[in-house]
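Visitor:
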Amino acid sequence: MRLRGSLTAVLLAVALAGRLAGAQHGSELRFCMGADPKTFDPLQVADDASETIRYLTGGVLVRLNRETQQLQPELATAWQVADGGRSITFTVRQNVRFSDGTPFTAEDVAYTMRRLMDPALHSPTGDSFRASNGAVTARVTNAHQVTILFPKAIVGLDKLFDQVAIESAHSPRKEMAVLGPYDLAEDKVGSYLLLKRNPYYWKHDSAGHALPYIDSIRIDIEPNRDIEVLRLLRGDIDFINSLNAEYYDKLASRSAKMAYDAGVSLDSEQLWFNQVASAPLPEYKKAWFASTNFRRAISESIDRAALARVVYHGHARPAVSWISPVNKFWFDAKLQPHPLDRKDALHRLAQEGFYQSNGALYDHGGHAVEFSVITNAGNTARERMAAMIQQDLAGIGIRLHVVTLDFPSLIERITRSYNYEACLLGLVNDDLDPNAQMNVWLSSAENHQWNPSEKTPATAWEAEIDRLMRMQASTLDARKRKQAIDRVQEIVWQQEPFIYLVNKDALAAVSPLLHNVHVVALRPQVYWNIEWLWMSGQGTRGR
Amino acid sequence: MKGLRVAAMAFLALVVLACVLAPWVAPDSYAKQFRDIPDAAPTSQHWLGTDDLGRDRFTRLLYGTRVSLLLAPAAALLSSLLAVLIGGTAGFVGGVLQSCVMAAADLFLSLPWLFLLITVRAFLPLDVSPEVSVAITFALLGCLGWAAAARVICADARTLCNSDMVLLARASGCGGWRLLWRHIVPNLRPVLLAQFWISIPVYILTEANLGILGLGVAEPLPSWGGMLRELEGFSLFSAQPWLFAPLALLVFTVSSFHLVLHNKEGWA
Amino acid sequence: MRRLGRHAARALLVIIVGGFLGATLVRLAPGFGVDEEELDSRLSAQSVAALRQAQPGSGSLADFYLHSLERLAHGDLGVSTTLHRPVRQLLAERLPETLKTVALGLVLAWAAGLTLALTAALWQSGPVDLAASLAASVLLCIPAAVLALLFVMVQAPGRLAVGLIVFPKVFHYARSLLARSAALPHVLTARAKGAGGCRVLLWHVLPVAAPQLLALGGVSVSLAFAAAIPVEVLCDLPGIGQLAWKAALGRDLALLVDLTMLVTAVTLVANSAADLAARPVGEGER
Chain A
6 MRLRGSLTAV LLAVALAGRL AGAQHGSELR FCMGADPKTF DPLQVADDAS
56 ETIRYLTGGV LVRLNRETQQ LQPELATAWQ VADGGRSITF TVRQNVRFSD
106 GTPFTAEDVA YTMRRLMDPA LHSPTGDSFR ASNGAVTARV TNAHQVTILF
156 PKAIVGLDKL FDQVAIESAH SPRKEMAVLG PYDLAEDKVG SYLLLKRNPY
206 YWKHDSAGHA LPYIDSIRID IEPNRDIEVL RLLRGDIDFI NSLNAEYYDK
256 LASRSAKMAY DAGVSLDSEQ LWFNQVASAP LPEYKKAWFA STNFRRAISE
306 SIDRAALARV VYHGHARPAV SWISPVNKFW FDAKLQPHPL DRKDALHRLA
356 QEGFYQSNGA LYDHGGHAVE FSVITNAGNT ARERMAAMIQ QDLAGIGIRL
406 HVVTLDFPSL IERITRSYNY EACLLGLVND DLDPNAQMNV WLSSAENHQW
456 NPSEKTPATA WEAEIDRLMR MQASTLDARK RKQAIDRVQE IVWQQEPFIY
506 LVNKDALAAV SPLLHNVHVV ALRPQVYWNI EWLWMSGQGT RGR
Chain B
904 MKGLRVAAMA FLALVVLACV LAPWVAPDSY AKQFRDIPDA APTSQHWLGT
954 DDLGRDRFTR LLYGTRVSLL LAPAAALLSS LLAVLIGGTA GFVGGVLQSC
1004 VMAAADLFLS LPWLFLLITV RAFLPLDVSP EVSVAITFAL LGCLGWAAAA
1054 RVICADARTL CNSDMVLLAR ASGCGGWRLL WRHIVPNLRP VLLAQFWISI
1104 PVYILTEANL GILGLGVAEP LPSWGGMLRE LEGFSLFSAQ PWLFAPLALL
1154 VFTVSSFHLV LHNKEGWA
Chain C
83 MRRLGRHAAR ALLVIIVGGF LGATLVRLAP GFGVDEEELD SRLSAQSVAA
133 LRQAQPGSGS LADFYLHSLE RLAHGDLGVS TTLHRPVRQL LAERLPETLK
183 TVALGLVLAW AAGLTLALTA ALWQSGPVDL AASLAASVLL CIPAAVLALL
233 FVMVQAPGRL AVGLIVFPKV FHYARSLLAR SAALPHVLTA RAKGAGGCRV
283 LLWHVLPVAA PQLLALGGVS VSLAFAAAIP VEVLCDLPGI GQLAWKAALG
333 RDLALLVDLT MLVTAVTLVA NSAADLAARP VGEGER
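Chains as they are written, first to last, in my numbering: chain A, 6 to 548; chain B, 904 to 1171; chain C, 83 to 368.
#1: Chain B partners of H254 of chain C, CB-CB under 7 angstroms?
#2: Measuring only between beta-carbons, confirm whether F1041 of chain B sits less than 9 angstroms from chain C.
#3: So is Y72 of chain C buried or exposed if we call it buried at 16+ other beta carbons inside 10 Å?
#4: Can you tell me which of the three DSSP states L154 of chain A falls into?
#5: Beta-carbon within less than 6 angstroms of W466 of chain A's beta-carbon, same chain only, minus the 5 sequence neighbours each way: which residues are those?
#6: Quick check on DSSP: helix, strand or coil for G27 of chain A?
#7: Closest Cβ-Cβ distance between C280 of chain C and chain B: below 9 angstroms?
#8: Could you tell me whether the Cβ of A355 of chain C comes closer than 9 angstroms to any Cβ of chain B?
#9: I need the boundaries of the alpha helix (DSSP H) containing H406 of chain A, first residue and last residue.
#10: For the putative contact between F961 of chain B and W950 of chain B, defined by C-beta atoms under 8 angstroms, what is the C-beta separation to the nearest angstrom?
#11: Do you know offhand how far N456 of chain A's Cα is from N363 of chain A's?
#12: In chain A, what lies closer than 9 angstroms to A1121 of chain B by C-beta?
#13: Please tell me whether L237 of chain A and A514 of chain A are closer than 9 angstroms, where the distance is taken between their beta carbons.
#14: Under the assumption that L34 of chain A contacts M540 of chain A (Cβ atoms under 8 angstroms), give the Cβ distance between them as a whole number of angstroms.
#15: Taking Cβ to Cβ, would you say L972 of chain B is nearer than 9 angstroms to V919 of chain B?
#16: What residues in its chain sit with their C-beta under 7 angstroms from that of L162 of chain A, if we drop five residues either side in the sequence?
#17: I want to see whether chain B comes within less than 9 angstroms of D231 of chain A, judged by CB atoms only; does it?
#18: For G113 of chain C, decide whether its Cβ has a neighbour in chain A, counting only Cβ atoms nearer than 9 angstroms.
#19: Closer than 8 angstroms is the cut-off here; do at least three beta carbon pairs connect the region 309-327 of chain C with the region 193-204 of chain C?
#20: Report the three-state DSSP secondary structure of L61 of chain A (helix, strand or coil).
#21: Alpha carbon to alpha carbon, how far is S932 of chain B from P941 of chain B?
#22: Comparing alpha-carbon positions, which option in A:S221, A:D243 and A:Y252 lies nearest D231 of chain A?
#23: Could I get the ranges of all uninterrupted alpha helix (DSSP H) runs contained in the region 208-281 of chain C, with 4 residues as the minimum, in chain order?
#24: Using a Cβ-Cβ cut-off of 9 angstroms, state whether S1013 of chain B counts as contacting chain C.
#25: Please say whether A911 of chain B and L965 of chain B have beta carbons closer to each other than 9 angstroms?
#26: For the beta strand (DSSP E) that contains S92 of chain A, what are its first and last residues?
#27: Alpha carbon to alpha carbon, how far is A306 of chain C from L188 of chain C?
#28: Within the present structure, is the beta-carbon of E1110 of chain B separated from the nearest heavy atom of the ligand NAD by less than 8 angstroms?
#29: Please report how far the alpha carbon of E180 of chain A lies from the alpha carbon of P47 of chain A, in whole angstroms.
#30: In chain B, which residues lie with their C-beta within 9 angstroms of the C-beta of Y425 of chain A?
#31: Going by beta-carbon coordinates alone, are R958 of chain B and A934 of chain B separated by less than 9 angstroms?
#32: Which residue's Cα is closest to the Cα of A872 of chain B: B:T992, B:L974 and B:L1012?
#33: Would you say H30 of chain A reaches chain B, if we count a Cβ-Cβ gap shorter than 9 angstroms as a contact?
#34: At what residues does the alpha helix (DSSP H) containing R167 of chain C begin and finish?
#35: Please look up how many angstroms separate the CB atoms of M38 of chain A and T57 of chain A, rounded, as I've assumed it's under 8 angstroms.
#36: Can you tell me which of C:A329, C:F253, C:A347 and C:H89 puts its alpha carbon nearest to the alpha carbon of A191 of chain C?
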């Protein structure tokens, strides 16, 4: 008994010492990413993991406040867009240093822009600035002022700089010298990354305390969502930035305080038909997919409300267009989702010569209407949506084959061989400005998914969309742009090249130990205000 | 043990009967979605509750049993036959042939067959029916699953070739394929049976994982493997014991087959 | 020595052929040479074209493989296109983890499997045999992902899951082999002459089944490697199984070819060792 009592006392003392030690060493935020970042060069970021690192370590001239959706000054204290969107002048903050102590000046901005606009870089961030061919020049007026000149006007020019992390022109650490709140301290590939506070970070709170409040961030590489949720429940990690509906509900049932629904996000799920003329499909199927009435009939046969309710547990809403309702300025509020109306669907099909016989639908040539839809395997929500759509279409006599493919095989079909009939995928959208979708809506563009790289628009309505998108890209007049974008949304709503299904809610889970969290719909939902987050009551952690 | 064997036979008979009579026994179509009651607990209308799309689990289990109970043993039989043909012949002939065949088996065990399966999917038309897709899946598994067993069978055949029994048969004038077929292959049965029992659940589970390549069972056709995949998620710790019904059925079925057909003559 | 030399030469040839076949499978599978970054709507047409051009494998497969072999001869295993690091470095970091996982898994699988099979053979007990068979059946029927998740849930070492995945196979094969050997006439004679259970097992049953058990030992190494892949992915063990899965999803040709050759080498070593060890035992039977 005496030995047991002594042992207990020793153990308690050790535990207490551990707690005190943890408090003295400062706070550490922990969360997970699904994969390693592909690059640490902020100008070449193209994947989610790299974007996370860029957001946490990169210093930008202006930052889009994810909550208010307004632009706010960061490294730039002031900026001016001039020449109808052809130039922008920044006045940069003084007495700022990179994470290795190298001073930050306007020359670093010029260097970054020259590097970003290098045609050989092929950066998605850089391509956002590329309205046309022609050189982009950066003119340094003095140590704290720089003007960047573009060959053609760029709409939403200032907002694009939210994605441009400034690199040092002089630091020996090159792109690893950063201006953001954190600096990369350790990278164990396949295991974790450790970010530590940038000792030279310029931001302070109103009381003069240096930001960020949290000393370090440990990001574990965890591809498995189930384990990520388990770890959150165990307290090993502090938040999950993007949660699916099923996990959200299960977490909410265990701890309502941890689960956050920030409302509808910018993302959408959609289905489209292959309208590529050279696709290896039978001609009669090509004729179906090219028919507006056919696409509208399919759209009207899908129960979107049920998709939102069953697949997303109510954490989604039927989608109307390629712009989400959360994008208040650009969303055309006059449009409503196509209602479930099988009668009208059959009427439209009858207009195209389709008829029903013994419960099955046939075209005017006597071909039974059946086609396949491909989607990426492993995405449970899409697999379930496809199964529900299969049942919906069976209601009007259409036989749908659901084929799940691994992602590379799917991409190969929709971008190279065009050997598919319909595809169900989602749009992950980070940009409020619809101009970012130019490469989807221009008929000549690669990402014009239903019929990429058209030499000339295949239909009159695609020609009209081309005209409207080019027009809105050439003017800074918000009202004119809004009119053009509204008209594009109306055309898309009528023609249904993409059959928009749902807009998902932005769901996240956050530990009660993390404070000052305001979960929002725009990415990154939880840590968009990383400098202002703080932690309490950290004890010893597992793992 | 005899009582257990009788119970196992009765259980298997019940399972087979339920599968054969599924269209009459099942309360609903396996594809019908009761969208107002997804993820429902068991009720008098839905004995095992409903799945995430509101489909009756009991119905899907019945129809899934049909698919898996028919095709997995067929694939297991195919791989076992290939194993005995290839491994047995190699062990019997010996020498260079044995070395070459075993090298090929080692190669077979090491290659990333995932990509062959992806390629097969690419060649199949997208509108192939779920039944054809799952049959092709199991056929492929059967064709690819022989290598591990072939090695053991080859070693076994080699040992048998050196045994007194075979020596006696040779002395009696028996030779060639007759010796292989009449004296060696029957003695390979224990290993073949082991291979067979192991393969059935392995193929059922592999079929589920092949869904990621577009092979396996396509919607809305259910299978044991597809239902077992539901356990891989957060459902595992959601305290819904009816989710384990497919696992329990698979375990009991495999064990029952094992009990019924297991030959006790080994313990002399 | 000559036999060892022959085995080594055969192994080298098989590894080279295995690497080429692996490269062929990867290269010809759909989805090779595509990058999901192509779907980024911000990219211009020129950038998409440049992205496609930069994808590996635009040249002939034979050229690629010959260059790979040439590099390999100089110790250069190429660079992983998914992780952007030298393959040699990745393997050096991760192979020890997988070897630990596989070794632990094999020890557990064989300890449990062989012990239970021997116990059933020794005691010839129906209940023991039944219980062990049922346990093996249950483990065979549980998906690897579920097992791994259970281990994560109870915070047990994920490596043990490999043992539970391989154990049923070892048990079933071992049990069948020992049962068959125990039924042989010379065993009956030994029992009739009064030999005890242990003596019969060690001197009369095991030696007969040894070549097959050794072959099973070699095969179980491949089984353990295959089991390590889902366990490492799910339990987040930084081994080559995790690497193989990422490489497969990303169609990382250089990494996949090197991994194929590595796995082929390990399989060959294990099976060749089993063959060499079995040979004196088999010859002794005559």
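The beta-carbon is built from N, C-alpha and C at its ideal position, and this holds for glycine as well.
Guide: According to the structure data:
#1: On the third sequence, position 172 is the one that residue 254 of chain C refers to. In chain order: A1097, W1100 and I1101.
#2: Residue numbering aside, residue 1041 of chain B sits at position 138 when the second sequence is read from its first letter. So no, F1041 of chain B is outside the interface.
#3: The question about residue 72 of chain C has no answer here: the residues shown for chain C are numbered 83 through 368.
#4: For this step, residue 154 of chain A is matched to residue 149 along the first sequence. It is a strand residue.
#5: Position 461 of the first sequence, counting from 1, holds the residue named residue 466 of chain A. Correct list, in chain order: I496 and Q500.
#6: Sequence index remark: in the first sequence, residue 27 of chain A carries index 22 (1-based). Caution applies to G27 of chain A, whose pLDDT of 38 falls short of 50 and renders its modelled position unreliable; the value that the coordinates give is listed next. Secondary structure at G27 of chain A: helix, using DSSP grouped into helix, strand and coil.
#7: In the third sequence, the residue the question calls residue 280 of chain C occupies position 198. Not an interface residue.
#8: One-based indexing of the third sequence puts residue 355 of chain C at position 273. Closer than 9 angstroms: no.
#9: Taking the first residue of the first sequence as position 1, residue 406 of chain A is located at position 401. Premise fails: H406 of chain A lies in the beta strand (DSSP E), R404 to L410, not in any alpha helix (DSSP H).
#10: Here residue 961 of chain B refers to the residue found at position 58 of the second sequence. Here residue 950 of chain B refers to the residue found at position 47 of the second sequence. Sure, about 4 angstroms apart at Cβ, within 8 angstroms.
#11: Residue mapping note: residue 456 of chain A aligns to position 451 of the first sequence, counting from 1. Residue mapping note: residue 363 of chain A aligns to position 358 of the first sequence, counting from 1. Whole-angstrom Cα-Cα distance: 34 angstroms.
#12: Indexing the second sequence from 1 puts residue 1121 of chain B at position 218. Neighbourhood of A1121 of chain B in chain A, by CB distance below 9 angstroms: H406, V407, V408 and T409, in chain order.
#13: Within the first sequence, residue 237 of chain A is the residue found at index 232, counting from 1. Within the first sequence, residue 514 of chain A is the residue found at index 509, counting from 1. Their beta carbons are under 9 angstroms apart, which means L237 of chain A touches A514 of chain A by this criterion.
#14: Taking the first residue of the first sequence as position 1, residue 34 of chain A is located at position 29. Taking the first residue of the first sequence as position 1, residue 540 of chain A is located at position 535. Between L34 of chain A and M540 of chain A a beta carbon distance of about 6 angstroms is seen, short of the 8 angstroms cut, so the two are scored as contacting.
#15: Residue 972 of chain B sits at position 69 when you count from the first residue of the second sequence. Residue 919 of chain B sits at position 16 when you count from the first residue of the second sequence. For L972 of chain B and V919 of chain B, yes; Cβs fall inside 9 angstroms.
#16: Stepping through the first sequence from its first residue, residue 162 of chain A is reached at position 157. Result list for L162 of chain A: V86, G90 and I93, in chain order.
#17: If you number the first sequence from 1, residue 231 of chain A lands on position 226. So, interface residue.
#18: The residue you call residue 113 of chain C lines up with position 31 of the third sequence. So, interface residue.
#19: no
#20: Along the first sequence, read from residue 1 onward, the residue named residue 61 of chain A stands at position 56. Reduced to three states, the DSSP call for L61 of chain A is helix.
#21: The residue you call residue 932 of chain B lines up with position 29 of the second sequence. The residue you call residue 941 of chain B lines up with position 38 of the second sequence. Taken atom to atom, the span from the alpha-carbon of S932 of chain B to that of P941 of chain B is near 16 angstroms.
#22: To locate residue 231 of chain A, count along the first sequence from 1; it is residue 226. Of the candidates A:S221, A:D243 and A:Y252, the one whose C-alpha sits nearest the C-alpha of D231 of chain A is A:Y252.
#23: 208-223, 226-235, 241-264 and 267-274
#24: Sequence index remark: in the second sequence, residue 1013 of chain B carries index 110 (1-based). Judged by the 9 angstroms Cβ criterion, S1013 of chain B is in contact with chain C.
#25: Start at 1 with the first residue of the second sequence, and residue 965 of chain B comes out as number 62. Start at 1 with the first residue of the second sequence, and residue 911 of chain B comes out as number 8. The Cβ atoms of L965 of chain B and A911 of chain B lie no closer than 9 angstroms to each other.
#26: Residue mapping note: residue 92 of chain A aligns to position 87 of the first sequence, counting from 1. Here the beta strand (DSSP E) through S92 of chain A covers S92 to V97.
#27: As a first step, residue 306 of chain C is located in the third sequence; it is residue number 224 there, counting from the start. As a first step, residue 188 of chain C is located in the third sequence; it is residue number 106 there, counting from the start. Cα-Cα distance, rounded: 7 angstroms.
#28: The ligand NAD is not part of the structure shown, which contains no ligands of any sort.
#29: If you number the first sequence from 1, residue 180 of chain A lands on position 175. If you number the first sequence from 1, residue 47 of chain A lands on position 42. If I take the Cα positions, the gap works out to 7 angstroms.
#30: Along the first sequence, one-based indexing puts residue 425 of chain A at 420. Ordered by position in chain B, the residues that pass the 9 angstroms Cβ test against Y425 of chain A are L1029.
#31: Translated into the one-based positions of the second sequence, residue 958 of chain B becomes position 55. Translated into the one-based positions of the second sequence, residue 934 of chain B becomes position 31. Their beta carbons are under 9 angstroms apart, which means R958 of chain B touches A934 of chain B by this criterion.
#32: Nothing about residue 872 of chain B can be read from this structure; chain B reaches only from 904 to 1171.
#33: Translated into positions along the first sequence, residue 30 of chain A becomes position 25. Bear in mind that a pLDDT of 37 at H30 of chain A, under 50, signals an unreliable position, so the number given afterwards is only what the model happens to contain. H30 of chain A does not count as touching chain B.
#34: Against the third sequence, residue 167 of chain C aligns to sequence position 85. Where R167 of chain C is concerned, there is no enclosing alpha helix (DSSP H), given that its DSSP letter is neither H nor E.
#35: Numbered from 1 along the first sequence, position 33 holds the residue referred to as residue 38 of chain A. Numbered from 1 along the first sequence, position 52 holds the residue referred to as residue 57 of chain A. 6 angstroms between Cβ atoms; contact.
#36: Here residue 191 of chain C corresponds to residue number 109 of the third sequence, with the count starting at 1. Nearest of C:A329, C:F253, C:A347 and C:H89 to A191 of chain C, Cα basis: C:F253.
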